[in-house]
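Numbering-wise (the numbering used here), the sequence shown opens with residue 401 and increments by one. We put the CB at the ideal spot given by N, CA and C, even for glycine.
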Amino acid sequence: ANKQNTVQNSRPAPKRAVKFVPPNRGFSPYKNVPMPLAPRIPIIENGLYIHVQEYAPPATIDPGMAHKRVKDAIAAVSCVFEIPLERIYVKRRERQRGAKQYQKQEGEAFDMVVKEQGHKFKVNLQRYLDTGIFLDHRDVRQRIASEVKAKRFLNLYSYTSSATVYAAKAGAASSVSVDMSNSYLNWSRHNFELNNIDLDSHQLVRADCTEWLRHSHDMFDCILLDPPSFSNSKKMDHTLDISRDHGELITLTMARLAEQGSLYFSTNKRGFSLDASIDDSYDAKEITRETLGPDFERGRPAHKCWIIRHR
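Okay, here's the thing in structure tokens:
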């Protein structure tokens with residue numbers, strides 16, 4: 401049976417060892433980067449448990465040396481945070497294609513509930529590569545919450561719908577969250593229930609976002625568009641390459657945006673550049689640095705983000 405824990409930060413990590421220890425802003429999960437470690441190993445600290453993501457080294461790095469480095473890093477994390485090794489979950493991030501993009505990891509499902517700014521979210525540190533909440537989007541969620549009161553919100557490629565939770569709790573009149581995955585829509589439903597969100601006013605839709613946009617006639621005041629960098633899911637009749645397809649995708653999304661509305665477009669694709677046609681057609685402003693919290697200041701930006709409006 402799945403275990404269910406509510407996790408709070410019981411103590412801050414030692415300041416001598418970390419790049420950043422957050423102030424008391426209501427966050428439970430956050431990113432810590434221990435100073436002795438290379439920046440390619442982000443540490444997500446959840447009070448009683450730690451989630452470590454190792455980024456696969458380039459081919460020029462000796463595999464034996466890379467393995468030793470990771471083992472040493474995990475031992476250091478255990479020592480610094482005074483957490484036993486069995487409470488440290490380690491995953492490797494590397495280029496994923498097709499079914500491997502969302503492949504389950506081995507082991508028992510271990511669900512926990514974390515809090516972010518008073519919102520509750522289910523996370524799983526073991527079963528999937530990603531935990532159920534993208535920490536780098538924390539400030540994006542806050543921006544959306546600040547402007548959606550009594551408005552209509554659309555969340556495309558909604559994943560576990562954490563942004564929708566923020567919008568609903570901030571007083572959005574209604575919302576639609578669209579994703580192709582039944583697993584993530586069920587996860588979203590769990591998040592809604594954790595936060596007492598009305599499922600009649602805040603709909604969950606299973607669909608290919610591109611096809612849904614082509615057939616929808618509904619209008620929205622605020623939209624979050626956060627597509628994967630690449631997808632060739634069997635549930636779609638086409639592939640999605642965000643570098644190639646974002647122009648069409650943004651154009652379809654803007655057709656659903658009210659005249660005075662705001663579209664937040666985000667991508668974690670490396671080397672991404674916004675198509676010039678979007679700048680020509682709409683008022684597009686990059687706000688990447690404004691949407692990254694202090695725990696994401698180190699290294700390359702975890703995502704790029706634009707706010708796009710009608711002229």
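Expressed to the nearest angstrom, what Euclidean distance is found between the alpha-carbon atoms of D675 and L485? Counted from its first residue, the sequence shown places residue 675 at position 275. Counted from its first residue, the sequence shown places residue 485 at position 85. Rounded to the nearest angstrom, the two C-alpha atoms are 46 Å apart.
By the three-class DSSP mapping on this structure, what secondary structure does A567 have? Walking along the sequence shown from the start, residue 567 turns up at place 167. Correct three-state label for A567: helix.
Do S616 and Y584 come within 9 Å of each other at the CB atom, strictly closer than that value? Here residue 584 refers to the residue found at position 184 of the sequence shown. Here residue 616 refers to the residue found at position 216 of the sequence shown. Against a cut-off of 9 Å, the Cβ pair of S616 and Y584 comes out as no contact.
R469 to R709 span [Cα, whole Å]: Locating residue 469 in the sequence shown gives position 69, counting from the first residue. Locating residue 709 in the sequence shown gives position 309, counting from the first residue. In this structure, the alpha-carbon of R469 lies about 46 Å from that of R709.
List, from N- to C-terminal side, the alpha helix (DSSP H) runs of 4 residues or more that fit wholly inside the segment 632-681. 642-654 and 676-681
Rounded to whole angstroms, what's the CA-CA distance from A702 to A476? Just pull it up for me. Locating residue 702 in the sequence shown gives position 302, where the first residue counts as 1. Locating residue 476 in the sequence shown gives position 76, where the first residue counts as 1. Rounded to the nearest angstrom, the two C-alpha atoms are 24 Å apart.
E486, DSSP secondary structure in three states: Counting from 1 along the sequence shown, the entry for residue 486 is found at position 86. Note: E486 maps to helix in three-state DSSP.
CA-CA distance, G671 and R711? What you label residue 671 is simply residue 271 of the sequence shown in a count that begins at 1. What you label residue 711 is simply residue 311 of the sequence shown in a count that begins at 1. About 27 Å.
Cβ shell of P627 (< 6 Å), same chain only, five flanking positions each side left out: For the purposes of this step, residue 627 is taken as the residue at position 227 of the sequence shown. Answer for P627: Y557 and I642, listed in chain order.
Euclidean distance between Cα positions of H638 and E482: On the sequence shown, position 238 is the one that residue 638 refers to. On the sequence shown, position 82 is the one that residue 482 refers to. The straight-line gap from Cα to Cα measures roughly 48 Å.
On a CA-only basis, which of V452, G647, W612 and P429 is nearest S478? Give me that one, please. Stepping through the sequence shown from its first residue, residue 478 is reached at position 78. S478 has its Cα closest to that of V452, out of V452, G647, W612 and P429.
Hey, would you say K522 sits closer than 9 Å to G532, going by beta carbons? Taking the first residue of the sequence shown as 1, we reach residue 522 at position 122. Taking the first residue of the sequence shown as 1, we reach residue 532 at position 132. Contact: yes.
Based on DSSP bridge pairs, tell me the residues matched to A702. Locating residue 702 in the sequence shown gives position 302, where the first residue counts as 1. Answer is none; A702 lacks a bridge partner.
Nonlocal neighbours in the same chain, by C-beta distance under 6 Å from A563, ignoring five residues either side: As a first step, residue 563 is located in the sequence shown; it is residue number 163 there, counting from the start. The residues are R541, I544, N555 and L624.
Which residues does DSSP list as the beta-bridge partners of Q603? Numbered from 1 along the sequence shown, position 203 holds the residue referred to as residue 603. Partner(s): V576.
Keeping to the same chain, check which residues put their C-beta closer than 7 Å to that of K551; ignore five residues upstream and five downstream. To locate residue 551, count along the sequence shown from 1; it is residue 151. Contacts found: A572, A573, D621 and C622.
Exposed unless 16 or more other CB atoms sit within 10 angstroms - verdict on T667: For the purposes of this step, residue 667 is taken as the residue at position 267 of the sequence shown. So T667 counts as buried.
Pick from E697, P463 and S662: whose alpha carbon is nearest that of T688? Start at 1 with the first residue of the sequence shown, and residue 688 comes out as number 288. With distances taken between Cα atoms, T688 lies closest to E697.
Which one or two residues does DSSP pair with L625 in a beta bridge? Residue numbering aside, residue 625 sits at position 225 when the sequence shown is read from its first letter. L556 and F665, per the DSSP bridge assignment.
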